[in-house]
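Below is one structure, written out as structure tokens; the observations come after it.
Numbering (the numbering used here), first residue to last: 595 to 784.
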């Protein structure tokens with residue numbers, strides 16, 4: 595088995611077992627778990643010392659996966675996502691099927707389709723969304739690479755992905771656009 599596939603299998607085994615991982619994305623390093631596992635989501639909140647549901651988004655393999663977990667997304671959101679030239683998180687209405695403790699009172703879900711070989715491998719193998727939140731304690735700076743992740747986070751996860759699968763990340767958080775059911779939108783972060 596080639597190294598990337600081996601790492602994907604190891605990470606997915608931890609996710610399926612309710613564990614949390616520290617992993618590279620197309621933006622920054624993230625902490626993740628199976629987005630349908632409420633206990634695993636709670637472990638991330640505890641590790642980050644945060645209960646802010648709006649700080650948690652999910653990665654999905656494709657638009658097809660997104661629509662399985664967000665039932666009121668306007669079509670325009672997917673057109674915008676397809677045209678994006680850099681990582682983009684969509685905050686979409688009608689979240690369902692993910693852990694209830696991921697969904698804020700507004701019923702929305704932040705979703706991103708990563709352009710990243712390791713993340714795509716995990717998502718396709720797991721078959722469900724994976725939580726992605728920056729690998730920092732609440733209130734601290736977002737680490738751009740593994741060397742900037744604090745020891746408390748590293749010690750607090752069940753699996754750390756080998757940094758050789760980092761790819762070519764942007765090293766900055768994604769842009770964020772909030773959509774409503776009618777297709778209205780608001781840019782939250784450029």
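Glycine is no exception: its CB is placed at the ideal position from the N, C-alpha and C atoms. These figures come from a predicted structure and were not determined experimentally.
Do you know offhand how far residue i's Cα is from residue j's?
| i | j | result |
| --- | --- | --- |
| residue 811 | residue 598 | Residue coverage of the chain in this structure runs from 595 to 784, which leaves residue 811 outside it and unanswerable. |
| residue 703 | residue 779 | 14 Å |
| residue 623 | residue 740 | 7 Å |
| residue 644 | residue 726 | 14 Å |
| residue 677 | residue 662 | 21 Å |
| residue 747 | residue 611 | 19 Å |
| residue 674 | residue 701 | 21 Å |
| residue 606 | residue 654 | 14 Å |
| residue 762 | residue 667 | 30 Å |
| residue 757 | residue 705 | 24 Å |
| residue 754 | residue 744 | 13 Å |
| residue 621 | residue 646 | 20 Å |
| residue 749 | residue 614 | 11 Å |
| residue 737 | residue 658 | 30 Å |
| residue 625 | residue 691 | 20 Å |
| residue 718 | residue 595 | 17 Å |
| residue 672 | residue 722 | 19 Å |
| residue 774 | residue 604 | 37 Å |
| residue 742 | residue 781 | 28 Å |
What does the Cβ neighbour count give for residue i, buried or exposed, with the cut at 16 atoms within 10 Å?
| i | result |
| --- | --- |
| residue 637 | buried |
| residue 716 | buried |
| residue 679 | exposed |
| residue 776 | exposed |
| residue 628 | buried |
| residue 770 | buried |
Can you tell me the Cβ-Cβ gap for residue i and residue j, rounded? I've got them flagged as a contact below 8 Å.
| i | j | result |
| --- | --- | --- |
| residue 632 | residue 693 | 4 Å |
| residue 634 | residue 712 | So it is not a contact: roughly 19 Å between Cβ atoms. |
| residue 735 | residue 616 | Not quite, the Cβ-Cβ distance comes to about 16 Å (not below 8 Å), so this is no contact. |
| residue 698 | residue 764 | Incorrect: roughly 25 Å between the Cβ atoms, too far for contact. |
Which one of the options has the shortest CA to CA distance from residue i?
| i | options | result |
| --- | --- | --- |
| residue 767 | 783, 777 and 604 | 783 |
| residue 696 | 649, 738, 762 and 722 | 649 |
| residue 619 | 752, 721 and 651 | 651 |
| residue 733 | 770, 781, 613 and 641 | 641 |
| residue 630 | 773, 738 and 720 | 720 |
| residue 835 | 765, 773, 669 and 752 | In the structure as shown, the chain starts at 595 and stops at 784, and residue 835 therefore has no counterpart that could be examined. |
| residue 707 | 724, 698, 749 and 646 | 724 |
| residue 664 | 670, 681 and 685 | 685 |
| residue 639 | 731, 603 and 691 | 731 |
| residue 656 | 625, 691 and 714 | 714 |
| residue 772 | 670, 743, 765 and 722 | 670 |
| residue 687 | 681, 710, 660 and 709 | 660 |
| residue 709 | 691, 722 and 683 | 683 |
Exercise. Give, in chain order, every unbroken run of the alpha helix (DSSP H) that is at least 4 residues long and sits entirely within the region 705–756.
Key: 711–720 and 745–750
Quiz prompt | Residue ranges of each beta strand (DSSP E) within the region 630–695, 3 or longer | solution = 651–653 and 682–687
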